[in-house]
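Trainee: Line by line, the protein sequences give chains A and B. Take any residue in the first sequence, count from 1 to its spot, add 661: that is its number in our numbering. Take any residue in the second sequence, count from 1 to its spot, add 661: that is its number in our numbering.
Number of protein chains: 2
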Amino acid sequence: MSSASIVTIGNAIVDIISKADDQFIIDQGMEKSAMNLIDGDRASQLYDAIGPAMEVSGGSAANTAVGISSFGGSAGFIGKISEDLLGKVFTHDISAAGVAFPPVYDADHPTACSFILVTPDTERTMNTYLGACITLNEDDMNEELIAGADWVYLEGYLFDAPRGPGCYQRVAEIAHANNTKLALSLSDAWCVERHYDALTGFIADHADLIFGNEDELLSLFPGDFDAAVKRLPELVAEAAITKGAGGSMAVTSGEVVAVPAQQDIKVVDTTGAGDLYAAGYLFGRQRGDGLERSAQLATIAASEVISHIGARPLDRLADQI
Amino acid sequence: MSSASIVTIGNAIVDIISKADDQFIIDQGMEKSAMNLIDGDRASQLYDAIGPAMEVSGGSAANTAVGISSFGGSAGFIGKISEDLLGKVFTHDISAAGVAFPPVYDADHPTACSFILVTPDTERTMNTYLGACITLNEDDMNEELIAGADWVYLEGYLFDAPRGPGCYQRVAEIAHANNTKLALSLSDAWCVERHYDALTGFIADHADLIFGNEDELLSLFPGDFDAAVKRLPELVAEAAITKGAGGSMAVTSGEVVAVPAQQDIKVVDTTGAGDLYAAGYLFGRQRGDGLERSAQLATIAASEVISHIGARPLDRLADQI
Numbered sequence: 662m663s664s665a666s667i668v669t670i671g672n673a674i675v676d677i678i679s680k681a682d683d684q685f686i687i688d689q690g691m692e693k694s695a696m697n698l699i700d701g702d703r704a705s706q707l708y709d710a711i712g713p714a715m716e717v718s719g720g721s722a723a724n725t726a727v728g729i730s731s732f733g734g735s736a737g738f739i740g741k742i743s744e745d746l747l748g749k750v751f752t753h754d755i756s757a758a759g760v761a762f763p764p765v766y767d768a769d770h771p772t773a774c775s776f777i778l779v780t781p782d783t784e785r786t787m788n789t790y791l792g793a794c795i796t797l798n799e800d801d802m803n804e805e806l807i808a809g810a811d812w813v814y815l816e817g818y819l820f821d822a823p824r825g826p827g828c829y830q831r832v833a834e835i836a837h838a839n840n841t842k843l844a845l846s847l848s849d850a851w852c853v854e855r856h857y858d859a860l861t862g863f864i865a866d867h868a869d870l871i872f873g874n875e876d877e878l879l880s881l882f883p884g885d886f887d888a889a890v891k892r893l894p895e896l897v898a899e900a901a902i903t904k905g906a907g908g909s910m911a912v913t914s915g916e917v918v919a920v921p922a923q924q925d926i927k928v929v930d931t932t933g934a935g936d937l938y939a940a941g942y943l944f945g946r947q948r949g950d951g952l953e954r955s956a957q958l959a960t961i962a963a964s965e966v967i968s969h970i971g972a973r974p975l976d977r978l979a980d981q982i
Numbered sequence: 662m663s664s665a666s667i668v669t670i671g672n673a674i675v676d677i678i679s680k681a682d683d684q685f686i687i688d689q690g691m692e693k694s695a696m697n698l699i700d701g702d703r704a705s706q707l708y709d710a711i712g713p714a715m716e717v718s719g720g721s722a723a724n725t726a727v728g729i730s731s732f733g734g735s736a737g738f739i740g741k742i743s744e745d746l747l748g749k750v751f752t753h754d755i756s757a758a759g760v761a762f763p764p765v766y767d768a769d770h771p772t773a774c775s776f777i778l779v780t781p782d783t784e785r786t787m788n789t790y791l792g793a794c795i796t797l798n799e800d801d802m803n804e805e806l807i808a809g810a811d812w813v814y815l816e817g818y819l820f821d822a823p824r825g826p827g828c829y830q831r832v833a834e835i836a837h838a839n840n841t842k843l844a845l846s847l848s849d850a851w852c853v854e855r856h857y858d859a860l861t862g863f864i865a866d867h868a869d870l871i872f873g874n875e876d877e878l879l880s881l882f883p884g885d886f887d888a889a890v891k892r893l894p895e896l897v898a899e900a901a902i903t904k905g906a907g908g909s910m911a912v913t914s915g916e917v918v919a920v921p922a923q924q925d926i927k928v929v930d931t932t933g934a935g936d937l938y939a940a941g942y943l944f945g946r947q948r949g950d951g952l953e954r955s956a957q958l959a960t961i962a963a964s965e966v967i968s969h970i971g972a973r974p975l976d977r978l979a980d981q982i
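Given below as structure tokens:
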């Protein structure tokens, strides 16, 4: 039977990564730097329009699990795929990375893919066809895997799926019954805005730790950034907020720790930066590190992944600490 | 109808690229830095054994065509695929790169893939399952495309396919009848050694230009490197020989030009170095550049491709000259 110290849950996606200029993003009517949801027809049409691509396994929470494993941590992932070639690729890559992945299959939809367009400013704009992920539901929340973990981590994107809120509730039940701590990522400002009441309610009731960037924090507490940071402890016991080149901060009611970004890296593709930040932070907290060391580990992981194309580490993170 | 100034011919392959240590190469009984041919069963077994991977279109002559197009040249490619997902990926990537590719399909075998293992020394060891490529034959040599081109370029690997020598002969006939110049790459020392008499005979009778690295040159003329360079004009009117970090040289009976390697690049993955060298050199020669400028363009292309994972340029080569 699979077991893991940290279990992440989210959309199981294979990324189709291509370079594009800003005009292409505008011409295609995409919201830049965001995650745009698309259907199967649009996916076919978009594939014809983009430049040469490479296929790399992705998915926000899956990337986080791979990052934890790359540090030498014990990680598991729950997500849904199809028994097609992309499903085989996804399963190979996450298993070969050492993550426990008891696959859950959907018979009616293909494995999800995301067309990720990297613009010259290294920003990524995502266009995700959810495919098999759309049917992930409360019955797929592997009780034994979650019950045996110290932490369970939910990606915010999942809250937007038809049965995503049901997944969240079921995970919270299992976590509470088994003393598993619950973390979640805000994922995207639109995700917070679309589900503001339900998501903030869930965080207040169930989350021990949240992750977000500046935009996502401001979607929780509109207005001034510093004021938003001060208000965070009203909502959740612990938060880690990333600020891109401005570094990051870990926030609790008693402590605010700022950690600078790594200075000496050539940024190539920011895809996966937030996912790998969460990986390092969770790895640190799970093994007992404090806020500052955890934020430093998070920074190491994020720095590795933005130095190359693709949202998962190419080099073992355990060798970098 | 498709047309191109330079047409390349070879195996249509999707690369499955993974990092590996040297012990893995030894344990798996592979010849390091070479191209190892494998069958379908071995491909499945190997996929289970390798680490996380990324999928990127490849194939030696196909990479060369993409490089020519990236310089702004007019390129075409002839190769065989299946109507499966990897075939769709291959067709998308080469077409999106601006290469004329009238696909030829095989109904009985899947699209070829090559498991490329990149060791810490940045060398690549390839394990190729030829799939649909195995049936490429003389009837697939697109007469109109080749007849309309200034240059046709054959990869040496193709000579090893069951009907590869037939493809070579047919291409030579079309080229001679239409004043299309013929170039070929030696591809791999084993390829030269296995087919020494037939391949050297073909070069002497039909080739206007050959490409090779030091090992491949020595497989043509065993012994001393400088002596081998001197003997090249006995065999072929023009040759371009790469020496890795030692730069490269272009050789004719009247002229030997040495061009240094680019010094300021961090080598990540040498896959595609020779293919992109040939792209730059052919692009230069086709537009009328001399040996030195062509070797410099070749060096620019090879330098770009070894600075990242994958055997095709990520950035437009036309912007770098």
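All residues carry an ideal CB built from backbone N, CA and C; glycine is no exception.
For the beta strand (DSSP E) that contains R954(B), what are its first and last residues?
Mentor: The residue you call residue 954(B) lines up with position 293 of the second sequence. Run containing R954(B): none in the beta strand (DSSP E); it sits in the alpha helix (DSSP H), L952 to V966.
Trainee: How is V853(A) classed by DSSP in three states: helix, strand or coil?
Mentor: Taking the first residue of the first sequence as position 1, residue 853(A) is located at position 192. Of the three classes helix, strand and coil, the one that applies to V853(A) here is helix, per DSSP.
Trainee: Three or more C-beta pairs under 8 Å: does that hold for the segment 754 to 762 of chain B against the segment 778 to 787 of chain B?
Mentor: no
Trainee: Please decide whether G728(B) counts as near chain A, where near means a Cβ-Cβ distance under 8 Å.
Mentor: Against the second sequence, residue 728(B) aligns to sequence position 67. Closer than 8 Å: no.
Trainee: Does any residue of chain B bring its CB to less than 8 Å from the CB of K741(A)?
Mentor: The residue given as residue 741(A) occupies position 80 in the first sequence. It does not: the Cβ of K741(A) has no partner Cβ on chain B nearer than 8 Å.
Trainee: Indicate whether Q923(A) and S964(A) have their beta-carbon atoms separated by less than 8 Å.
Mentor: Counting from 1 along the first sequence, the entry for residue 923(A) is found at position 262. Counting from 1 along the first sequence, the entry for residue 964(A) is found at position 303. With contacts defined as CB atoms closer than 8 Å, Q923(A) and S964(A) qualify as a contacting pair.
Trainee: In whole angstroms, what is the alpha-carbon distance linking I835(A) and A940(B)?
Mentor: Residue mapping note: residue 835(A) aligns to position 174 of the first sequence, counting from 1. Residue mapping note: residue 940(B) aligns to position 279 of the second sequence, counting from 1. Computed Cα separation, rounded: 58 Å.
Trainee: Excluding five sequence neighbours on each side, which residues of the same chain lie with their C-beta closer than 7 Å to the C-beta of K1000(A)?
Mentor: A query on residue 1000(A) cannot be resolved here, the shown segment of chain A reaching from 662 to 982 and no further.
Trainee: Is the segment 762 to 774 of chain A touching the segment 673 to 689 of chain A, taking contact as three or more C-beta pairs under 8 Å?
Mentor: Using a Cβ-Cβ distance cut-off of 8 Å, the segment 762 to 774 of chain A and the segment 673 to 689 of chain A are in contact, since at least three pairs of beta carbons, one from each stretch, lie closer than that value.
Trainee: At 7 Å on the CB atoms, spell out the chain B contacts of K680(A), in chain order.
Mentor: Position 19 of the first sequence, counted from the first residue, corresponds to residue 680(A). The answer, in chain order, is L975.
Trainee: Below 8 Å on the Cβ atoms is my guess for V966(B) versus A959(B); work out the distance and round it to an integer in Å.
Mentor: Locating residue 966(B) in the second sequence gives position 305, counting from the first residue. Locating residue 959(B) in the second sequence gives position 298, counting from the first residue. Not a contact, Cβ separation roughly 11 Å.
Trainee: How about V750(A) and E816(B): are their beta carbons less than 8 Å apart?
Mentor: As a working mapping, residue 750(A) is identified with position 89 in the first sequence. As a working mapping, residue 816(B) is identified with position 155 in the second sequence. The answer is no: Cβ separation not under 8 Å.
Trainee: Go through its chain and collect everything with a Cβ distance to G809(B)'s Cβ below 7 Å, but skip five positions before and after it.
Mentor: In the second sequence, residue 809(B) corresponds to position 148, counting from 1. Excluding positions up to five away in sequence, the list reads S664.
Trainee: Does the Cβ of D782(A) have 16 or more other Cβ atoms within 10 Å, making it buried, or fewer, making it exposed?
Mentor: Along the first sequence, read from residue 1 onward, the residue named residue 782(A) stands at position 121. Classification of D782(A): exposed, given that the 10 Å Cβ count is below 16.
Trainee: What residues from chain A crowd round V918(B), counting only those whose CB sits closer than 8 Å?
Mentor: Position 257 of the second sequence holds residue 918(B). Those within 8 Å of V918(B) in chain A number zero; the least Cβ separation is about 32 Å.
Trainee: Tell me, please, whether the CB atom of E854(B) is closer than 8 Å to any CB atom in chain A?
Mentor: Counted from its first residue, the second sequence places residue 854(B) at position 193. No, E854(B) does not count as interfacial toward chain A.
Trainee: Thinking C-alpha only, which one of A726(A), T725(A) and D849(A) is nearest K693(A)?
Mentor: Taking the first sequence and counting its residues from 1, one reaches residue 693(A) at position 32. Of A726(A), T725(A) and D849(A), the smallest CA-CA separation from K693(A) is found for D849(A).
Trainee: Please report the distance separating the alpha-carbon of Q830(A) from that of H856(A).
Mentor: Start at 1 with the first residue of the first sequence, and residue 830(A) comes out as number 169. Start at 1 with the first residue of the first sequence, and residue 856(A) comes out as number 195. Computed Cα separation, rounded: 14 Å.
Trainee: What do you reckon, are the CB atoms on Y766(B) and I739(B) nearer than 8 Å?
Mentor: The residue labelled residue 766(B) in the question sits at position 105 within the second sequence. The residue labelled residue 739(B) in the question sits at position 78 within the second sequence. No, the Cβ-Cβ distance between Y766(B) and I739(B) is not below 8 Å.
Trainee: With 16 other CB atoms within 10 Å as the buried threshold, where does A888(B) fall?
Mentor: Residue 888(B) sits at position 227 when you count from the first residue of the second sequence. Burial call: exposed.
Trainee: Taking beta-carbon pairs under 8 Å, can you tell me which members of the segment 751 to 775 of chain B lie near chain A?
Mentor: H753, D754, I755, A757 and A758
Trainee: Starting from E916(A) and walking both ways along the beta strand (DSSP E), at which residues does that stretch end?
Mentor: Here residue 916(A) refers to the residue found at position 255 when the first sequence is read from its first residue. Segment: none, E916(A) is in no beta strand (DSSP E) and carries neither H nor E.
Trainee: For S775(A), report the span of its beta strand (DSSP E) as first-last.
Mentor: Within the first sequence, residue 775(A) is the residue found at index 114, counting from 1. Its beta strand (DSSP E) spans residues A773 to V779.
Trainee: So Y708(A) contacts chain B; which residues on that side make the cut at Cβ distance below 7 Å?
Mentor: Numbered from its first residue, the first sequence carries residue 708(A) at position 47. Here the neighbours are H753.
Trainee: By alpha-carbon positions, which one of I871(A), K891(A) and T932(A) ends up nearest to V917(A)?
Mentor: Here residue 917(A) refers to the residue found at position 256 of the first sequence. The option with the nearest alpha carbon to V917(A) is K891(A).
Trainee: Only counting runs of 4 or more residues, tell me where the alpha helix (DSSP H) segments fall wholly within the segment 792 to 832 of chain A, in order along the chain.
Mentor: The qualifying runs are 804 to 808.
Trainee: From the beta carbon of S718(B), is the nearest beta carbon of chain A less than 8 Å away?
Mentor: Taking the first residue of the second sequence as position 1, residue 718(B) is located at position 57. Residue contact check for S718(B) against chain A: a CB pair falls below 8 Å.
Trainee: Does the beta carbon of A665(A) sit closer than 8 Å to a beta carbon anywhere in chain B?
Mentor: Against the first sequence, residue 665(A) aligns to sequence position 4. So no, A665(A) is outside the interface.
Trainee: Within the same chain, show all residues whose beta-carbon is closer than 7 Å to that of G701(A), passing over the 5 residues directly before and after it, in chain order.
Mentor: Locating residue 701(A) in the first sequence gives position 40, where the first residue counts as 1. Result list for G701(A): Y790, in chain order.
Trainee: How many angstroms separate the CA atom of L952(B) from the CA atom of S968(A)?
Mentor: Looking up residue 952(B) in the second sequence gives position 291. Looking up residue 968(A) in the first sequence gives position 307. In a straight line, the C-alpha of L952(B) is about 36 Å away from that of S968(A).
Trainee: 8 Å is my cut-off, CB to CB: does I711(B) come that close to chain A?
Mentor: In the second sequence, the residue the question calls residue 711(B) occupies position 50. By this cut-off, I711(B) is an interface position.
Trainee: With respect to the beta strand (DSSP E) encompassing I699(A), which residues constitute its N-terminal and C-terminal limits?
Mentor: For the purposes of this step, residue 699(A) is taken as the residue at position 38 of the first sequence. Here the beta strand (DSSP E) through I699(A) covers M696 to I699.
Trainee: Straight-line CA distance for L746(A) to N839(B)?
Mentor: As a first step, residue 746(A) must be located in the first sequence, where it is residue number 85. As a first step, residue 839(B) must be located in the second sequence, where it is residue number 178. Cα to Cα, L746(A) sits roughly 43 Å from N839(B).
Trainee: Pop quiz: V928(A) and I970(A) are said to be a contact at Cβ under 8 Å. What is the actual Cβ separation, rounded to whole angstroms?
Mentor: Counting from 1 along the first sequence, the entry for residue 928(A) is found at position 267. Counting from 1 along the first sequence, the entry for residue 970(A) is found at position 309. Not really, about 11 Å apart at Cβ, beyond 8 Å.
Trainee: Would I807(A) and F944(A) be called neighbours here (beta carbons separated by less than 8 Å)?
Mentor: Position 146 of the first sequence, counted from the start, is the residue given in the question as residue 807(A). Position 283 of the first sequence, counted from the start, is the residue given in the question as residue 944(A). Contact flag unset, no.
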